[in-house]
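Novice:
Protein chains: 2
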Amino acid sequence: MKSDVEISQETVMEPITKVAGKIGISEDQIEQYGQYKAKINFDPTTEKANGKLILVTSINPTAAGEGKTTVTVGLGDAFNELHKKVVLALREPSLGPVMGMKGGATGGGYAQVVPMDDINLHFTGDFDALTEANNTLAALIDNHIQHGNQLNIDPRQITWKRVMDVNDRELRQVVIGLGGRTSGVPRQDGFDITVASELMAILCLATSLPDLKQRISRMLIGYTYGRQPVTVADLHVQGALTLLLKDAIKPNLVQTIEHTPAFIHGGPFANIAHGCNSILATQAALHFGDYAITEAGFGSDLGAEKFMDIVTPRLNQRPDCVVVVATVRALKLNGGADKHELNIENLDALKQGVVNLKRHVEGMQQYGKPVVVAINKFATDTEDELAYLQNYVSNDLKVTGTIINSWAKGGKGAIDLAKDVIKACDQPAEFHELYNDEDSIEDKMTKIVTRIYGGDGIEFSAKAKTALKRIKKLGYDQLPVCMAKTQYSFTDNAKLLGAPENFKIHVSDLQLKLGAGFIVALTGKILTMPGLPTHPAALDMDIDEQGRISGLF
Amino acid sequence: MKSDVEISQETVMEPITKVAGKIGISEDQIEQYGQYKAKINFDPTTEKANGKLILVTSINPTAAGEGKTTVTVGLGDAFNELHKKVVLALREPSLGPVMGMKGGATGGGYAQVVPMDDINLHFTGDFDALTEANNTLAALIDNHIQHGNQLNIDPRQITWKRVMDVNDRELRQVVIGLGGRTSGVPRQDGFDITVASELMAILCLATSLPDLKQRISRMLIGYTYGRQPVTVADLHVQGALTLLLKDAIKPNLVQTIEHTPAFIHGGPFANIAHGCNSILATQAALHFGDYAITEAGFGSDLGAEKFMDIVTPRLNQRPDCVVVVATVRALKLNGGADKHELNIENLDALKQGVVNLKRHVEGMQQYGKPVVVAINKFATDTEDELAYLQNYVSNDLKVTGTIINSWAKGGKGAIDLAKDVIKACDQPAEFHELYNDEDSIEDKMTKIVTRIYGGDGIEFSAKAKTALKRIKKLGYDQLPVCMAKTQYSFTDNAKLLGAPENFKIHVSDLQLKLGAGFIVALTGKILTMPGLPTHPAALDMDIDEQGRISGLF
Chain Y
1 MKSDVEISQE
11 TVMEPITKVA
21 GKIGISEDQI
31 EQYGQYKAKI
41 NFDPTTEKAN
51 GKLILVTSIN
61 PTAAGEGKTT
71 VTVGLGDAFN
81 ELHKKVVLAL
91 REPSLGPVMG
101 MKGGATGGGY
111 AQVVPMDDIN
121 LHFTGDFDAL
131 TEANNTLAAL
141 IDNHIQHGNQ
151 LNIDPRQITW
161 KRVMDVNDRE
171 LRQVVIGLGG
181 RTSGVPRQDG
191 FDITVASELM
201 AILCLATSLP
211 DLKQRISRML
221 IGYTYGRQPV
231 TVADLHVQGA
241 LTLLLKDAIK
251 PNLVQTIEHT
261 PAFIHGGPFA
271 NIAHGCNSIL
281 ATQAALHFGD
291 YAITEAGFGS
301 DLGAEKFMDI
311 VTPRLNQRPD
321 CVVVVATVRA
331 LKLNGGADKH
341 ELNIENLDAL
351 KQGVVNLKRH
361 VEGMQQYGKP
371 VVVAINKFAT
381 DTEDELAYLQ
391 NYVSNDLKVT
401 GTIINSWAKG
411 GKGAIDLAKD
421 VIKACDQPAE
431 FHELYNDEDS
441 IEDKMTKIVT
451 RIYGGDGIEF
461 SAKAKTALKR
471 IKKLGYDQLP
481 VCMAKTQYSF
491 TDNAKLLGAP
501 ENFKIHVSDL
511 QLKLGAGFIV
521 ALTGKILTMP
531 GLPTHPAALD
541 MDIDEQGRIS
551 GLF
Chain P
554 MKSDVEISQE
564 TVMEPITKVA
574 GKIGISEDQI
584 EQYGQYKAKI
594 NFDPTTEKAN
604 GKLILVTSIN
614 PTAAGEGKTT
624 VTVGLGDAFN
634 ELHKKVVLAL
644 REPSLGPVMG
654 MKGGATGGGY
664 AQVVPMDDIN
674 LHFTGDFDAL
684 TEANNTLAAL
694 IDNHIQHGNQ
704 LNIDPRQITW
714 KRVMDVNDRE
724 LRQVVIGLGG
734 RTSGVPRQDG
744 FDITVASELM
754 AILCLATSLP
764 DLKQRISRML
774 IGYTYGRQPV
784 TVADLHVQGA
794 LTLLLKDAIK
804 PNLVQTIEHT
814 PAFIHGGPFA
824 NIAHGCNSIL
834 ATQAALHFGD
844 YAITEAGFGS
854 DLGAEKFMDI
864 VTPRLNQRPD
874 CVVVVATVRA
884 LKLNGGADKH
894 ELNIENLDAL
904 KQGVVNLKRH
914 VEGMQQYGKP
924 VVVAINKFAT
934 DTEDELAYLQ
944 NYVSNDLKVT
954 GTIINSWAKG
964 GKGAIDLAKD
974 VIKACDQPAE
984 FHELYNDEDS
994 IEDKMTKIVT
1004 RIYGGDGIEF
1014 SAKAKTALKR
1024 IKKLGYDQLP
1034 VCMAKTQYSF
1044 TDNAKLLGAP
1054 ENFKIHVSDL
1064 QLKLGAGFIV
1074 ALTGKILTMP
1084 GLPTHPAALD
1094 MDIDEQGRIS
1104 GLF
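So the sequences go chain by chain: Y and P.
The numbers in the numbering used here rise by one with no breaks, and the one at position 375 of the first sequence is 375.
Count along the second sequence from 1, add 553, and you get the number used in the numbering used here.
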């Protein structure tokens, strides 16, 4: 069996200028990065979004993921097979997990975006630019304090953290500024992973370069000794930070193995951030395609909820259809099967686990748009398991449930699903908002917890209560809430699988992200800097004298 | 008067494919990064270096620099005017100082490499890739300890530091791994700037991808509790780190305002690192050009000494001519003038200061190759000052001293200098090595100090003595020495200008860089992580709605 990187390296790609040309991107809009990657100069104010929008989400996943990107890519290729003008909009992979856990973010098998090695490594440098801009700001803050602290910033109340695109638990909690008078001011601090940074969120929410700069200006970096907020505008460095992101804001174009165009741009994690690719990429996909297929991270409780509640109001477009990806494996896990035995038939566990799918489907149905289930087939699934699941989806959930096998067959493996999705997109349906700006912060969160997670409500820690009070006092209650929560459970406890009942979500802290325009609610034990596993994927990677890559999934 | 970035943005550049084509780079060797930047696939084993090599260095500079890059670029453009096939090889700018001190690393006025904004910002992502690879290694080391520490690494003896391409004094000395059992092992640590990292040195010394991997394998990351060295090969992550640098190792091609081709690749600082662009870039320049002009960082005591003693043995080529750049301003500063009054005529200070130039010229002459002085004219220099200096160079130093005015006139401002350099290149001359591999570490350093700096010898701190003992015990005395020293003085005290006598160099520590293949000697108070000034350049930078950039010099 060929590895993903082998399949990718064997692919005969089309020049990116050709891929762009097919969907009407003119040559002077293209900045090539090698022959198969490009940044696109795209202006959403003149180039309008006209296409139908399809959102791909999933159930609560296993640690290896449910092949949601594989489904998204396969679905795109199937649209292509059916001669529909389709463009994908996906997130960029983060190097942290690439070096940590096996499993790429570029699809798998014969449903991949390529060149997968470049996309999984530095790609066009967007994350590096974000890291650099983020850390330049951090240095400028501490430098301001070092040189007289005219703004009266309280070093104990700096909220701006440094970041790295590395899974580095060693940097979660640090003390910096040691070494005496000439080496800064000692203070407690911590690093986040780049994908959890506010700049990443901003890159994904900004609709233009001026909007990017506006948002950067507004970012909160801490408080004065008098507890007044200090923003980037107060430091007057929004120009420099925007300059550092002048190329990063442009969507990146690549192709699938079957030459379907794909914008890959931005990549906040969905557990600790908002989990959706950039609005500019989705708008470009909607402009250049009759259909745009986008994917939100992790289960529908995370990425999709945030797509609906945070992204779509700024995108000015709602999805026309939602695809929920389910796998027999993950449902068995949700039904109590041992994680090491997911390759073995276990109908009992599957029957127990389907409640997880049910809650995801019903959660998404509340938004009013058609929901379709994609059953992503794994080689180890048995006929009986697949038959049971398909039957459950049709007869119990009463939605279309289609088996997809794009990992093995590419676009041809998703033709049926594509037809179902196209049909769903044509159904008239009204979008229902889950909450309004005017709802209180507590109400917004309660609605998410009760209607999407299936829980009873929220509980604030003492720290979160103080934060809430401050946010209200500053008048920012109208902002939406971005929940930071484990991806494994509807609850804030990664071990409670299936569809738990009678639980509350424990909010440990609230963080004000004025540039992104939302409040992050940290729940349970969620960490914004992951660690590496016992045997990191990096240990198995290699590149030989001919440039052949191995171990990259 | 137009700013550098205005001149750059007004330049009508040639497509990079055209620039490449003119010197015989074939289309399939080019990976475009936009229309005006490219990475070049270049194989020095089959594409041989044939050109003449010119090294540009300078006297001890002012804080604003002496326009050494401006001279280098102007000289290249003058060769071009004279219909010589010339290619430049330069270092990439580091974002740390770009955001800190005004003054770019891409030349100035009408002698610039362009697009200067892109080159000064992220360029093609090489430094970002180095930062990422460096910090991924750091995370892998700490992760190894966290998960059982099979290699028995002593957390107190880890020598591998994290880096950032930011001037961030706050990170010089830190404590990491706080937060309890699941968040790493607490230990003291510190960050360096990326340009001081061993990976940067390796990128600049590697002659191929396999050589890069070999060097990475050898890198020392710390010691076991039993004081045995631990290398990257012990961790088995050389493959992953090489993979992260697979594109960074390829030289970048751009052009000057006058369309002279320039490879810009790698950028270690010359004070805290070895200060020369990559060997691959210089080899490429020597292959594609009849003349290759390269620049080494800061004064000849730093970059040029390291070019001669560390780089050229690995490059397998010696310079055919050395150009020492001098300015009236810097000589006045070296002669005791106030740094705020360098715009005012001061013949006395100039007469006092020329000893600095003398020592640089004589230092370079010891290597046996012809030395030419380039007097880089500033608008504020008076006729009398220039006449005095030119006379001093001709009659006292007895070398060719030519006034160059490329900042205002581009290549046309350097025609005389170019003619002198071409003549010098044709002189038969034998290269003399300053020291041999077999010399002891102390002897190597003593030779550098006495023959190049004009000092009496070296003095080791207690810490340096311990380090020396360990290096000898491990059998690495045959390595060359990379001096880390202030750029402002021949001594290790930034305040002792001119040509000080009767001084010793104080070595505070010795660091073993097995991948780079040298020993770094830290002298005086040199720091490997700079800080930002009171008014960082970042505060004045901006980009407007049309993408017009201001404040970037």
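C-beta: ideal position from N, C-alpha, C; glycine also.
Which full runs of the beta strand (DSSP E) of 3+ residues lie inside the region 922–985 of chain P, going along the chain?
Specialist: Runs of the beta strand (DSSP E) inside the region 922–985 of chain P: 924–929, 954–957.
Novice: To the nearest whole angstrom, what separates the beta carbons of D695/P and V738/P, a pair I think is in contact under 8 Å?
Specialist: Indeed they touch by this definition, with Cβ atoms about 7 Å apart.
Novice: So, is the C-beta of T599/P closer than 8 Å to a C-beta in chain Y?
Specialist: Chain Y contact via Cβ: absent.
Novice: For L286/Y and Q836/P, what's the separation of their Cα atoms in angstroms?
Specialist: Taking the straight line from one Cα to the other gives about 47 Å.
Novice: Under 8 Å, Cβ to Cβ, is there at least one residue of chain P near D192/Y?
Specialist: So, not an interface residue.
Novice: Would you call the CB atoms of R725/P and L1085/P closer than 8 Å?
Specialist: In this structure, L1085/P does not lie closer than 8 Å to R725/P by Cβ.
Novice: Which two residues bound the contiguous alpha helix (DSSP H) that contains E10/Y?
Specialist: Segment 4–10, the alpha helix (DSSP H) holding E10/Y.
Novice: Please work out which residues of its chain come closer than 8 Å, Cβ to Cβ, to L244/Y, disregarding the five sequence neighbours upstream and downstream, and give them in chain order.
Specialist: The residues are A129, E132, A133, T136.
Novice: Using a Cβ-Cβ cut-off of less than 8 Å, list which residues of the region 558–590 of chain P approach chain Y; keep chain order.
Specialist: Those residues of the region 558–590 of chain P that come within reach of chain Y (Cβ to Cβ, closer than 8 Å) are E584, Q585, Y586, G587, Q588.
Novice: Report the three-state DSSP secondary structure of P261/Y (helix, strand or coil).
Specialist: Strand, per DSSP.
Novice: Keeping to the same chain, check which residues put their C-beta closer than 8 Å to that of S647/P; ignore five residues upstream and five downstream.
Specialist: A658, F680, D718, I746, T747, V748, G820, F822.
Novice: Reducing DSSP to helix, strand and coil, say where R359/Y ends up.
Specialist: If DSSP states are grouped into helix, strand and coil, R359/Y belongs with the helices.
Novice: What is the residue span of the beta strand (DSSP E) that P866/P lies within?
Specialist: No beta strand (DSSP E) contains P866/P, which is instead part of the alpha helix (DSSP H) from 865–868.
Novice: List the residues of chain P whose Cβ lies closer than 7 Å to the Cβ of V237/Y, in chain order.
Specialist: Ordered by position in chain P, the residues that pass the 7 Å Cβ test against V237/Y are A1091, L1092.
Novice: Measuring only the C-alpha atoms, how far is T11/Y from D4/Y?
Specialist: Rounded to the nearest angstrom, the two C-alpha atoms are 11 Å apart.
Novice: What are the boundary residues of the beta strand (DSSP E) that H1059/P is part of?
Specialist: Where H1059/P is concerned, the enclosing beta strand (DSSP E) stretches over 1057–1066.
Novice: When DSSP builds the beta bridges, which residues end up paired with G108/Y?
Specialist: The partner list for G108/Y (beta bridge, DSSP) reads A111/Y.
Novice: My output table needs one value for M554/P: the three-state DSSP class, helix, strand or coil.
Specialist: Correct three-state label for M554/P: coil.
Novice: What is the rounded straight-line gap between the Cα of R1004/P and the Cα of G34/Y?
Specialist: Looking at the two C-alpha atoms, the distance is approximately 47 Å.
Novice: List the DSSP bridge partners of P536/Y.
Specialist: Answer is none; P536/Y lacks a bridge partner.
Novice: By DSSP, does Y586/P sit in helix, in strand, or in coil?
Specialist: Strand.
Novice: Going by DSSP, what residues sit across from E295/Y in a beta bridge?
Specialist: V56/Y.
Novice: Along the beta strand (DSSP E) that carries P229/Y, what are the first and last residues, could you check?
Specialist: Note, P229/Y: beta strand (DSSP E), 229–231.
Novice: Roughly how far, in whole angstroms, is the beta-carbon of V324/Y from the beta-carbon of T57/Y, given that I think they are within contact range, below 8 Å?
Specialist: Correct: roughly 6 Å between the Cβ atoms.
Novice: Give a yes or no on whether 8 Å exceeds the smallest Cβ distance from P210/Y to chain P.
Specialist: Taking Cβ atoms only, chain P reaches closer than 8 Å to P210/Y, which makes this a yes.
Novice: Does the beta-carbon distance from P708/P to R740/P come in below 8 Å?
Specialist: Contact flag set, yes.
Novice: Going by other Cβ atoms of all chains shown within 10 Å of its Cβ, with 16 needed for buried, is P428/Y buried or exposed?
Specialist: By the 10 Å Cβ count, P428/Y comes out exposed.
Novice: Below 8 Å CB to CB, which residues in the same chain sit around E255/Y once its five sequence neighbours on both sides are set aside?
Specialist: Per the sequence shown, the amino acid found at residue 255/Y is Gln instead of Glu. Only M13, E14, I16, V19, Y36, V113, V114, P261, A262 meet the Cβ criterion.
Novice: Looking only at its own chain, which residues have a Cβ that is under 7 Å from the Cβ of L1032/P, when we skip the five neighbours before and after it?
Specialist: If we look at L1032/P and ignore the five residues flanking it on each side, its Cβ neighbours are G1070, F1071, I1072.
Novice: Any idea if H985/P is buried or exposed, counting beta-carbon neighbours within 10 angstroms, 16 or more meaning buried?
Specialist: By the 10 Å Cβ count, H985/P comes out exposed.
Novice: Report the residue ranges of all alpha helix (DSSP H) runs contained in full by the region 736–791 of chain P; include only those spanning at least 4 residues, in chain order.
Specialist: Those alpha helix (DSSP H) runs which fall completely within the region 736–791 of chain P and span 4+ residues are 751–758, 762–771, 785–788.
Novice: Kindly give me the distance between the Cβ atoms of S1061/P and P1053/P, rounded to whole angstroms, as I take these residues to be in contact under 8 Å.
Specialist: Not really, about 19 Å apart at Cβ, beyond 8 Å.
Novice: When we look at the beta-carbon of K377/Y and count the other beta-carbons within 10 Å, is it buried (16 or more) or exposed?
Specialist: Looking at its Cβ environment, which holds 16 or more other Cβ atoms inside 10 Å, K377/Y is buried.
Novice: Using a Cβ-Cβ cutoff of less than 7 Å, which residues in the same chain neighbour K409/Y once the five nearest sequence positions on both sides are dropped?
Specialist: Result list for K409/Y: Y110, in chain order.
Novice: Report the neighbours of E645/P on chain Y: residues whose CB is nearer than 9 Å to its CB, in chain order.
Specialist: Residues of chain Y passing the Cβ test: none, with the nearest at roughly 14 Å.
Novice: With a threshold of 8 Å on Cβ separation, who are the neighbours of D544/Y within its own chain once the five nearest residues in sequence on each side are excluded?
Specialist: S550, listed in sequence order.
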